[in-house]
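Chemist:
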Amino acid sequence: MADSHGTTKAQRVFLTGASSGIGMALARAYAQQGATLGLVARRAAELEALRASLPDPQRHRIYVLDVTDHAALQAAADAFMAEFGGADVVIANAGISQGTLTEYREDLAAFARIMAVNVTATFATFTPFVARMKALPEDERRRCRLVGIGSVAGIRGLPGAEAYSASKAAVISYCESLRVELRSSGIKVVTIAPGYIDTPMTQVNHYRMPFLLPAEKFAARALRTIADGASYRVIPWQMGVVAKLLRMAPNWLYDMAFARAPHKKRNL
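Here it is as structure tokens:
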């Protein structure tokens, strides 16, 4: 990113779900580019270890909180912007996954938690930054990015994953609404839908995961997508092709093909 004098400026990146998986990979990729990071997650020890492993660890800040605590999330965002003068990239990455089945009343709590972390917290992550970004001069606004992490699971509902599929479909639709809303401002809203990425979340799956991608390779592609300001992208691209085919398939064909698909394990 360059300022009006052509001088390259380090990006300021605020990232939730930073302590493992995709979030950790994104943090490391941005740190390698010289970005200043605000890292958000619940686990203090993991966040401290991540910061210590990054280039120039003193440059980064960590915020230990649960993203469903909206007051704490607002306070972290305010602290980051106050110290560094704003944020260029905000990534709502925090997310959880668990098998859920509607027939079991005890899964209702899991459903509510998944929606709170994956959907409502995405809104709460962006909220502190939007007005501040809109107040910037036009050339600075056009460098701003709000990034929502969806999933291929949000393209069509997967059996045994009602809550997760619903949450990621909601993220995709929400980010689309926000993208159109902010279009005239120049602020870019980027939706990234990961396929199968090799992280702790997927390592518990007991079924085959086509086009499984290492988290580091995902992060490199995600950073290019964000820099480009792409409105929507599936990573890896092969899963994007699969997603398009699934979206085009008539319901009877999709239902027949996925009726016996493997289920993500419920946490009993």
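The working numbering puts the first residue of the sequence shown at 4, with every later residue one more than the last.
Glycine residues also receive a C-beta, built at the ideal position from the N, C-alpha and C atoms.
Since the model is a prediction, treat every value here as computed from it, not as a measurement.
1. My parser needs the beta strand (DSSP E) runs of 3 or more residues fully inside the segment 189-263; what are they?
2. Any heavy atom of the ligand MN within a distance shorter than 8 Å of the CB on Leu29?
3. With which residues is Ile117 paired in a DSSP beta bridge?
4. In the structure shown, what three-state DSSP assignment does Arg148 receive?
5. Please classify Asn115: is it buried, with 16 or more other beta-carbons within 10 angstroms of its beta-carbon, or exposed?
6. Just how far apart, CA to CA, sit Gly9 and Gly89?
7. How should Thr228 be labelled, buried or exposed, when 16 other C-beta atoms within 10 angstroms of its C-beta is the threshold for buried?
8. Let's test the definition: count the other Cβ atoms within 10 Å of the Cβ of Pro131 and tell me whether it reaches 16, buried, or not, exposed.
9. Excluding the 5 residues flanking Thr105 on each side, which residues of the same chain have their C-beta closer than 8 Å to its C-beta?
10. For the alpha helix (DSSP H) that Arg182 lies in, which residues bound it at each end?
Modeler: According to the structure data:
1. Fully enclosed beta strand (DSSP E) runs of 3 or longer: 191-197, 235-238.
2. Ligands are entirely absent from the displayed structure, and the ligand MN is therefore not among its contents.
3. Within the sequence shown, residue 117 is the residue found at index 114, counting from 1. Per DSSP, none; premise fails for Ile117.
4. By 1-based counting over the sequence shown, the position of residue 148 is 145. Of the three classes helix, strand and coil, the one that applies to Arg148 here is strand, per DSSP.
5. Here residue 115 is taken as the residue at index 112 of the sequence shown, counted from 1. According to the sequence as given, residue 115 is Ala; it is not Asn. Per the 10 Å Cβ criterion, exposed.
6. Taking the first residue of the sequence shown as 1, we reach residue 9 at position 6. Taking the first residue of the sequence shown as 1, we reach residue 89 at position 86. Note on Gly9: pLDDT 38, under 50, position unreliable in the model; the coordinate value appears next. Whole-angstrom Cα-Cα distance: 20 Å.
7. Mapped onto the sequence shown, residue 228 falls at position 225. It is buried - the Cβ of Thr228 has at least 16 other Cβ atoms within 10 Å.
8. Here residue 131 is taken as the residue at index 128 of the sequence shown, counted from 1. Pro131 should be labelled buried.
9. Translated into the one-based positions of the sequence shown, residue 105 becomes position 102. These residues qualify, in order along the chain: Glu165.
10. Here residue 182 corresponds to residue number 179 of the sequence shown, with the count starting at 1. First-last of the alpha helix (DSSP H) with Arg182: 165-184.
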